[in-house]
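Read through the structure below, which is laid out as structure tokens, and then see the notes.
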Amino acid sequence: MSEDEKTPARQIITDYAQAHFRYFRTVDGTVYAQKNGHPVARPIRSQGTTGSHRQELMVGLFKDGIGVFNGTALKEALDLIEALALTEDVQPTHIRVAPGFDGATWLDLGRDDGKSVRIHPTGWDILTPAPQEVCWRRTQLTGELPLPAKDTDGKGIDLLLRLCNFASAETECLALAWLIGCLEPSVPVPAPFLTGPQGAGKSTGGRMLVRIIEGMSGDLRRAPKDEENMITAVAAGWVTALDNLSHLPPDLSDLMCCIVTGAESIKRALFTDGDVVRSRYRRPMLLTGIDVGVIRPDLAERLLPLRLVRPRVRRTEAELWAEYAEILPVVLGSLLDLTVKVRAAQAETPTDLRMADFAHLCAQLDAATGFGSLAAYRASLDDLNDDVIEGDLLAQTVLKHATGLDAGAEVRMTSSEWLHCLTTLYSGEECRPLPKGWPTTGKVLSDRLKRLQPTLAARGVFIDWGRTSAARYIEMTRTAARALHQQEAAF
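With the numbering used here, letter number 229 in the sequence shown gets 233, and the count goes up by one each step, no holes.
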């Protein structure tokens, strides 16, 4: 056969690839390859050292006896495949948890055979999802989960709670509500903050909760030092767990708010002038620490405090984790059983809470089990409001001023007048110096009050803004619906 009659290597690779793989694109234009009959998809441009599509294509060509091809032929074939795939339908990829057809959701077990858990209000099963329904994306953070046990009769929940050092039954039901929320991709869930005295097992308890969803390789990590590294870590896994936090700077606090409720970041694509890379993220988070200092009001509405106590009997790490690995299939099976019951339960959605989806989930959990998780969630938010007030002298001063108002009374002043009034009230007759960060202008005061508005409203003090023909004003109203928490002790 003459050289002209030989089939080009790129054509052989392209024909083989299209016969053994399904190619599609995501909304951001990234092209993925999915082996026929397997739910895991890999980006064709991945240059990872393990598990890249280029590698699985080379291995397939070699094992099927077609041959070994050089890098140029592979590059030309993949360039053509990518161009052809850009005309295909758009389909999303998912990490760990994904929505399915008919109101179901899927949990990726991280197994090589692609077996996953289909969760539906009528029950759950271990199946391999159809490629058109679910495309899993895996990274080095995607650990393998054991096959969940069937017919556990709820004993896995008791086994889990026995290993954790939760301080109360209310804390336990909030932890269960968070775990159920992690299995629902469309529900933003507040971030559990495991707190307690030194030696209470906060890091160990956090690892146990995370590994139910992420497998035994799941772990806690230190908070990244910048936003880009944080987003990279969040995008590569499902549950983001940060350990031993002692301080929450404003930038990290704002980023956590975005992670919990969802946001998007855009950066320039490498080796280009005009192309960009979009990163969309909304992930469950988990935090541990003894004390993080001052909590900003917007983050407080997205936190779920879980208090732990010191155990009476200590165990070795090896003994503890050996038992945990043994009971994990039963724990996961019991959690799935409980999730099915919760999704089948009917409950009204509370309309007065910021995280309404999670509040509705708590109401469903209560309807299915008789727990008091919704009341516990409300109490936890009330405690967090106290933490915000105790850490903010301006909030304390506003509440002290409000205690002198009659119920239903309205006071209107300009921002500068309010600044003078509150500054005088704080300084008092002894003229004590103003603390660092005290508002210096009316505009700064107005901005601070906007951030504190939900916290103050929870204490019966409502702040509103308006204007007359002469000037803008800030209006303070004390309601009779709720009694104010007295703040004189802080002064």
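For each residue, glycine too, the CB sits at the ideal point set by N, CA and C.
Same chain, Cβ closer than 8 angstroms to residue i, neighbours up to 5 away in sequence not counted
i	result
THR53	Confidence in THR53 is poor, its pLDDT being 49 and thus under 50, which makes the residue's placement too unreliable to answer from.
LEU183	LEU213, ILE216, ILE217, LEU339
ARG452	LEU398, PRO443
THR143	ILE99, ALA240, GLY241
THR97	THR30, TYR36, ALA45, CYS139, TRP140, ARG141
PRO354	ALA360, ALA363, HIS364, ALA367, LEU378
Backbone CA spacing between residue i and residue j [nearest angstrom]
i	j	result
THR30	SER420	52 angstroms
ILE16	THR236	37 angstroms
SER269	THR156	42 angstroms
GLY293	LEU249	5 angstroms
MET480	ILE467	5 angstroms
LEU365	THR175	15 angstroms
LYS154	LEU111	16 angstroms
LEU164	VAL335	7 angstroms
LEU429	ASP396	15 angstroms
GLU231	ARG300	18 angstroms
ASP361	LEU460	23 angstroms
GLN136	LYS39	12 angstroms
CYS425	TYR285	43 angstroms
TYR381	ALA173	12 angstroms
VAL191	ARG14	45 angstroms
LYS159	ALA329	15 angstroms
HIS57	LYS67	15 angstroms
PRO309	MET417	37 angstroms
ARG471	HIS405	22 angstroms
VAL296	CYS262	19 angstroms
GLU92	PHE73	27 angstroms
GLY64	GLY71	9 angstroms
Beta-carbon separation (whole angstroms), residue i vs residue j, contact threshold 8 angstroms
i	j	result
VAL214	LEU324	Wrong, their Cβ atoms sit about 15 angstroms apart, outside the cutoff.
PRO152	ALA348	About 18 angstroms separates the two Cβ atoms, so there is no contact after all.
LEU332	PRO196	The pair is not a contact, with the Cβ atoms about 19 angstroms apart (cut-off 8 angstroms).
VAL415	VAL465	With 8 angstroms as the limit, VAL415 and VAL465 do not qualify as a contact, their Cβ atoms being about 11 angstroms apart.
ARG392	ALA399	Correcting the residue identity first, residue 392 is Val in this sequence and not Arg. Yes, they are in contact, since the Cβ atoms of VAL392 and ALA399 sit about 7 angstroms apart, within 8 angstroms.
PRO103	PRO194	Actually they are not in contact, since the Cβ atoms of PRO103 and PRO194 sit about 21 angstroms apart, beyond 8 angstroms.
ALA45	CYS139	4 angstroms
GLY412	THR483	7 angstroms
THR343	ILE123	6 angstroms
GLY75	GLY147	GLY75 to GLY147, Cβ: 32 angstroms. No contact.
CYS186	VAL243	6 angstroms
ARG455	ASP302	7 angstroms
Residue i - DSSP class collapsed to helix/strand/coil
i	result
SER120	strand
TRP442	coil
MET99	Going by the sequence as given, residue 99 is Ile instead of Met. Here ILE99 sits in coil by DSSP.
LEU111	strand
LYS67	helix
MET359	coil
GLU492	Any reading at GLU492 is ruled out, since the residue's pLDDT is 38, under 50, leaving its predicted position unreliable.
LYS454	helix
GLY33	coil
VAL44	strand
ASP129	strand
PHE105	helix
ASP341	helix
TRP182	helix
GLN22	helix
THR320	coil
THR483	coil
GLY464	coil
VAL94	strand
LEU164	helix
LYS79	helix
THR146	coil
LEU336	helix
GLN59	helix
LYS159	helix
TRP325	helix
Sequence-distant residues of its chain with Cβ nearer than 7 angstroms to residue i (five each side left out)
i	result
HIS42	GLY118
GLY209	CYS168, ASN169, LEU198, LEU312
ALA4	The structure shown does not extend to residue 4, since the chain is modelled only from 5 to 495, so the question has no answer here.
ALA21	LEU61, ALA81, ILE85
Cutoff 6 angstroms; reference residue i; Cβ partners in own chain excluding five residues on either side
i	result
ASP32	ARG282
THR133	Reading off the sequence, residue 133 comes out as Pro, not Thr. So the qualifying residues of the chain are PRO43, TRP110, SER120.
GLY446	SER419, SER420, LEU423
CB contact below 8 angstroms: residue i versus chain D
i	result
GLN95	Here there is only one protein chain, and chain D is not present.
Distance cut-off 7 angstroms: residue i Cβ against heavy atoms of the ligand FMN
i	result
GLY293	Inclusion of the ligand FMN in the displayed structure is not the case, the ligand content being empty and no account of it being possible.
**Asked** Mind pulling the beta strand (DSSP E) runs of 3 or more residues that sit fully within the stretch 185-240?
**Response** 195-199
**Asked** If you scan the stretch 246-308 from start to end, which runs of the alpha helix (DSSP H) of 4 or more residues do you find wholly inside it?
**Response** 254-265, 301-304
**Message:** List, from N- to C-terminal side, the alpha helix (DSSP H) runs of 4 residues or more that fit wholly inside the stretch 350-430.
**Reply:** 360-373, 377-394, 397-406
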